[in-house]
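Student:
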Amino acid sequence: MKPETPVVLPLRGPAMHERRQQIIQAALDHFRHYGYAKTSVADLAKTIGVSSAYIYKFFESKQAIGEAVCSHSLGQIDDALRTIARREQSAAERLRDIFTSLMRKSLALFFEERKLHDIAAVAAANHWSSANNHRAALFGIIKQVIAEGREAGEFECQTPIDEVCMAIASVMTPFSHPLMLEEKTPEQLEERVVVITNLVLRSLAR
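Take the UniProt record's numbering: the final residue in the sequence shown is number 206, and no numbers are missing along the way.
1. What are the residues that DSSP puts in a beta bridge with residue 155?
2. Label residue 105 either buried or exposed according to how many other C-beta atoms from any shown protein chain fall within 10 Å of its C-beta, with 16 as the threshold for buried.
3. What do you reckon, are the CB atoms on residue 73 and residue 133 nearer than 8 Å?
4. Enumerate in chain order the residues of its own chain whose CB-to-CB distance from residue 22 is below 8 Å, with the five nearest sequence positions on each side excluded.
5. I'd like to check one pair, residue 146 with residue 69: are the Cβ atoms closer than 8 Å?
6. Buried or exposed: residue 179, going by 16 or more other Cβ atoms within 10 Å of its Cβ?
7. Mapping the DSSP letters down to three states, classify residue 21 as helix, strand or coil.
8. Let me know if residue 36 comes out buried or exposed under the rule of 16 or more other beta-carbons within 10 Å of its beta-carbon.
9. Which first and last residues belong to the alpha helix (DSSP H) in which residue 83 is found?
10. May I have the straight-line CA-CA distance separating residue 149 from residue 55, to the nearest angstrom?
11. What would DSSP say about residue 198, mapped onto helix, strand or coil?
12. Given 8 Å as the limit, is there contact between the segment 94 to 109 and the segment 168 to 178, that is, 3 or more CB pairs closer than that?
13. Could you tell me whether the segment 151 to 160 touches the segment 175 to 190, using the rule of 3 or more Cβ pairs below 8 Å?
14. So does the segment 106 to 126 actually touch the segment 85 to 97, counting three or more Cβ pairs closer than 8 Å?
15. Given a threshold of 16 other Cβ atoms within 10 Å of its Cβ, counted over all protein chains shown, does residue 79 qualify as buried or as exposed?
16. Can you list, in chain order, the residues of its chain with a C-beta nearer than 8 Å to that of residue 45? Leave out the 5 residues immediately preceding and following it.
17. Can you tell me whether residue 193 is buried or exposed? The criterion is at least 16 other CB atoms within 10 Å of its CB, across all chains shown.
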């Protein structure tokens with residue numbers, strides 16, 4: 001009698017999470033060296049010793065892997081900004097540091113991790129969820145600082161807070177958008193971030 005084919009149960013819990021993270025790490029390494037466009041799912045599968053079909057158990061497409069890698073890179077920026085937002089400083093000082101940190105960390109991705117920066121550019125141009133989530137995270141961080149600044153009596157309270165946050169997020173765009181960063185030198189960006197932050201803080205004052 002022909003033996004029955006064993007049933008392979010899908011991965012669950014920590015094992016599934018560990019394998020998913022292994023795929024993301026392999027993608028991160030490949031994208032760093034070869035770029036998003038020149039990396040295939042087959043390349044990643046070969047790197048970690050599995051089939052392409054196995055990769056697709058975790059990610060439905062190469063774009064989904066790219067999104068995960070992009071979320072990893074942008075998430076590190078978000079975490080750094082959240083740390084600033086939680087500091088025991090005035091809201092004005094925190095907002096100034098958020099502007100500067102956002103610009104410098106975005107530039108670091110551009111100059112030090114150029115191929116990962118290119119993925120972020122693709123994400124922004126194609127409205128990937130990773131880019132949208134990054135914008136939403138930034139909006140939330142700004143709103144937290146503005147709300148606390150109002151409670152402390154630092155900032156005016158007449159303008160609807162969402163309107164204020166939307167305006168601030170918009171003027172931050174040249175310091176974080178992957179494509180717009182290419183239009184200025186780091187020196188020009190450093191100069192402009194100071195000028196724009198000063199203008200924003202003056203407009204927020206009571």
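All C-beta atoms in this analysis are idealised placements derived from N, C-alpha and C, irrespective of residue type, glycine included.
On a predicted model such as this, the values are computed, not experimentally measured, just so you know.
Tutor: A quick look at the data gives this:
1. 205
2. buried
3. no
4. 48
5. With respect to residue 146, residue 69 sits apart: the two C-beta atoms are not nearer than 8 Å.
6. exposed
7. helix
8. With 16 or more neighbouring CB atoms inside 10 Å of its own CB, residue 36 falls in the buried class.
9. It spans 62 to 85 - the alpha helix (DSSP H) in which residue 83 sits, taken as one unbroken run.
10. 47 Å
11. helix
12. yes
13. no
14. no
15. exposed
16. 51, 52, 54 and 55
17. buried
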